[in-house]
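Engineer:
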Amino acid sequence: YPLSGAAKEEDSNRDLAQQYLEKYYNLEKDVKQFRRKDSNLIVKKIQGMQKFLGLEVTGKLDTDTLEVMRKPRCGVPDVGH
Amino acid sequence: FSSFPGMPKWRKTHLTYRIVNYTPDLPRDAVDSAIEKALKVWEEVTPLTFSRMYEGEADIMISFAVKEHGDFYPFDGPGHSLAHAYPPGPGLYGDIHFDDDEKWTEDASGTNLFLVAAHELGHSLGLFHSANTEALMYPLYNSLTELAQFRLSQDDVNGIQSLYGPPPASTEEPLVPTKSVPSGSEMPAKCDPALSFDAISTLRGEYLFFKDRYFWRRSHWNPEPEFHLISAFWPSLPSYLDAAYEVNSRDTVFIFKGNEFWAIRGNEVQAGYPRGIHTLGFPPTIRKIDAAVSDKEKKKTYFFAEDKYWRFDENSQSMEQGFPRLIADDFPGVEPKVDAVLQAFGFFYFFSGSSQFEFDPNARMVTHILKSNSWLHC
């Protein structure tokens, strides 16, 4: 069914976050785990990123966190590959 | 701060870099100087030194690219990932890639090339990202960074010095500096109006201008001189030279420091050197010479020390009788002490401090007085 605006936005935020955590925080590329919002691993990865970048550690894709994910940055990961 | 897993770092302190291609966003010399300025940021706090290569494989290969560009990290169009770099090591390692879908600028109106280059160089030297929001190695680009007086944060300095230690000069400086100690790691600026040279020589049609640990290399076809460390070409040669000259007929450049001299052919130091300068026929009272030049037509080499000069016959390989003579008697208008001498276009160019005296040997007079660095396209 066509997604509502809010649902669409939520989807794109999730995609943004998934790509960001895969690229910079060593998140394994596994689509399913991101769908399960309560996935413990995702929450931990989000918390790790928030801590490293000096954000409030909420484990959620809050506005500040999404805003930082959209900022220009270096392409080298933050967590060792 | 943090270093890459396994703490990769360069096992040498002199590194080479090469700018492989350029962005259309900026003039080439703006890219050159942004990279040079970024290198200097790290040179000033470590024993590391850098020299530029124009071909072949340098330790740090710097290039601009878009989207997929041959490594496993494709760029992503404008914004987001601006550039990336690889930790120290062979081949791709140490290299820096800039995303040319960004708008690269000299100021903060777009993505400032110097700032990103300084950050990426941190990676090329072995630094990973820092969680310190004030640090250059913080992963997010900060467009508000003060560019004119840019300084590394203490976190950056601690990080890089944990890999390479402090610059050599800082270990000798007194705890409380009593006067500005030339750290020996400052790079001379080619257009500094006060610039003087230690020695100057031709080399197979090019001109070499030696200063401290460095030299500028000027060729006929490229007015813009290259800048290198002496040790990058001749690792066994000393720096802070006294004199240098080329004997064309022997395709050899002779380099003098103190009471010794070396012979180099291309970038090979010849076996059997250094030798003592007294083997050339100088009296024991002479402890060093100030300058030298070899007249390729007359096959005579002139050595200058304080207010006197000697003449050496290249055919008989001996110092001529009747010398030393006073410089003022035979080169009127040339003021001792002479730092360096160059023969070109039928003239002798005497360099003394920041001045250069063009001397016409036929008219036996100084025809022009110029700035010493007029040969460096200033």
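As given, the protein sequences belong to chains R and F, one line each in that order. Residue 7 is where the first sequence starts when you use my numbering, and the numbers rise one by one after that. Residue 323 is where the second sequence starts when you use my numbering, and the numbers rise one by one after that. For glycine and all other residues, C-beta sits at the position ideal for the given N, C-alpha and C.
Could one say the Cβ of F/His305 lies closer than 8 Å to chain R's Cβ atoms, at least one of them?
Structural biologist: Given that chain F is displayed from residue 323 to residue 700, the structure contains no residue 305 of chain F and the question cannot be resolved.
Engineer: For F/Trp332, which residues of its own chain have a beta-carbon under 6 Å away from its beta-carbon, when the five flanking residues on both sides are left out?
Structural biologist: Pro410
Engineer: Compare the beta carbon distance of F/Ala662 and F/Ala613 with 8 Å and say whether it is the shorter of the two.
Structural biologist: yes
Engineer: Can you tell me which of the three DSSP states R/Met55 falls into?
Structural biologist: helix
Engineer: Just to make sure I have the definition right: I need the residues of chain F whose C-beta is within less than 7 Å of the C-beta of R/Asp84. Which are they?
Structural biologist: Here the neighbours are His451 and Pro461.
Engineer: Just to confirm the assignment, what range does the beta strand (DSSP E) spanning F/Ala685 have?
Structural biologist: Element bounds for F/Ala685: n/a, residue is neither H nor E.
Engineer: Which residue from F/Ala470, F/Pro490, F/Asn464 and F/Ser452 puts its Cα closest to that of F/Gln476?
Structural biologist: F/Ser452
Engineer: For the candidate residues F/Tyr624, F/Gln643, F/Tyr529 and F/Phe667, whose alpha-carbon lies nearest to that of F/Ile649?
Structural biologist: F/Tyr624
Engineer: Kindly identify the DSSP beta-bridge partner or partners of F/Lys579.
Structural biologist: F/Glu582
Engineer: Tell me the rounded alpha-carbon separation between F/Gly506 and R/Leu27.
Structural biologist: Confidence in F/Gly506 is poor, its pLDDT being 45 and thus under 50, which makes the residue's placement unreliable; the coordinate value appears in the next sentence. Approximately 45 Å between the Cα atoms of the pair.
Engineer: Closest to F/Ala387 by C-alpha separation, out of F/Val575, F/Asp417, F/Thr368 and F/Phe519, would be which residue?
Structural biologist: Taking the Cα of F/Ala387 as reference, the smallest distance to any Cα among F/Val575, F/Asp417, F/Thr368 and F/Phe519 is reached at F/Asp417.
Engineer: Look at the alpha carbon of F/Pro461 and the alpha carbon of F/Phe583, and state the distance between them as a whole number of angstroms.
Structural biologist: 50 Å
Engineer: Exposed or buried, F/Trp543, counting other C-beta atoms within 10 Å across all chains shown (16 or more means buried)?
Structural biologist: exposed
Engineer: Quick one: measure Cβ to Cβ for F/Glu680 and F/Phe673, integer angstroms, because I've assumed they're closer than 8 Å.
Structural biologist: No, F/Glu680 and F/Phe673 are not in contact; Cβ-Cβ is about 11 Å, not under 8 Å.
Engineer: Output the distance between the C-alpha atoms of F/Asp351 and F/Glu642, rounded to the nearest integer angstrom.
Structural biologist: 49 Å
Engineer: Pick out the complete beta strand (DSSP E) segments inside the region 369 to 432 of chain F, 3 residues or longer, and give them in chain order.
Structural biologist: 371 to 374, 382 to 387, 403 to 407 and 418 to 421
Engineer: Under a Cβ-count criterion, where at least 16 other Cβ atoms within 10 Å of its own Cβ denotes burial, should F/Ser325 be classed as buried or exposed?
Structural biologist: buried
Engineer: Given that F/Ala407 touches chain R, what residues does it touch there, using C-beta distances under 7 Å?
Structural biologist: Val82
Engineer: Check the Cβ-Cβ distances between F/Phe326 and every residue of chain R, and say whether any is below 8 Å.
Structural biologist: yes
Engineer: Look up F/Arg526 in the DSSP assignment and say whether it is helix, strand or coil.
Structural biologist: In the three-state reduction of the DSSP assignment, F/Arg526 falls in the coil class.
Engineer: Could you list the residues in the region 44 to 62 of chain R with a C-beta less than 9 Å from some C-beta on chain F, going in chain order?
Structural biologist: With the criterion set as a beta carbon lying under 9 Å from some beta carbon of chain F, the members of the region 44 to 62 of chain R are Lys57, Phe58, Leu59 and Gly60, in sequence order.
Engineer: Looking at the structure shown, is F/Ser492 part of a helix, part of a strand, or coil, going by DSSP?
Structural biologist: Residue placement at F/Ser492 is poorly supported in this model, since its pLDDT is 45, which falls under 50; the coordinates are not used for a value here.
Engineer: Is there a Cβ from chain R that is less than 8 Å from the Cβ of F/His441?
Structural biologist: yes
Engineer: To which residues of the same chain is R/Leu67 closer than 6 Å at the C-beta, ignoring the five residues directly before and after it?
Structural biologist: Asn19 and Ala23
Engineer: Check the C-beta distance from F/Ala405 over to F/Phe420 and give it rounded, since I have them as a contact under 8 Å.
Structural biologist: 5 Å
Engineer: Chain F partners of R/Arg79, CB-CB under 8 Å?
Structural biologist: His402, Ser403, Leu404, Pro461, Leu462 and Tyr463
Engineer: How about F/Ser589 and F/Phe555: are their beta carbons less than 8 Å apart?
Structural biologist: The question names Ser, but residue 589 of chain F is Asn in the sequence shown. Yes, they are a contact pair.
Engineer: Against chain R, with Cβ distances strictly below 8 Å, would F/His445 count as a contact?
Structural biologist: At a cut-off of 8 Å between beta carbons, F/His445 contacts chain R.
Engineer: With a threshold of 16 other CB atoms inside 10 Å of the CB of F/Gln592, please say whether the residue is buried or exposed.
Structural biologist: exposed
Engineer: Under 6 Å Cβ to Cβ from F/Tyr529, same chain only, skipping five residues before and after it: list those, please.
Structural biologist: Arg540
Engineer: At the 8 Å Cβ level, is F/Thr345 part of the contact set with chain R, yes or no?
Structural biologist: no
Engineer: Can you name, in chain order, every residue of its own chain whose Cβ lies under 6 Å from the Cβ of F/Leu348, other than the five neighbours on each side?
Structural biologist: Trp426
Engineer: Leaving out the 5 sequence neighbours to the left and right, which residues in its chain are closer than 8 Å to F/Met375 when beta-carbon positions are compared?
Structural biologist: Thr338, Tyr339 and Arg340
Engineer: State the Cα-Cα distance for the pair F/Glu345 and F/Glu358, rounded to the nearest angstrom.
Structural biologist: Checking the sequence shown, residue 345 of chain F turns out to be Thr, not Glu. Approximately 16 Å, taken between the alpha carbons.
Engineer: Can you pull the chain R residues whose beta carbon is under 7 Å from the beta carbon of F/Thr455, in chain order?
Structural biologist: Gly60
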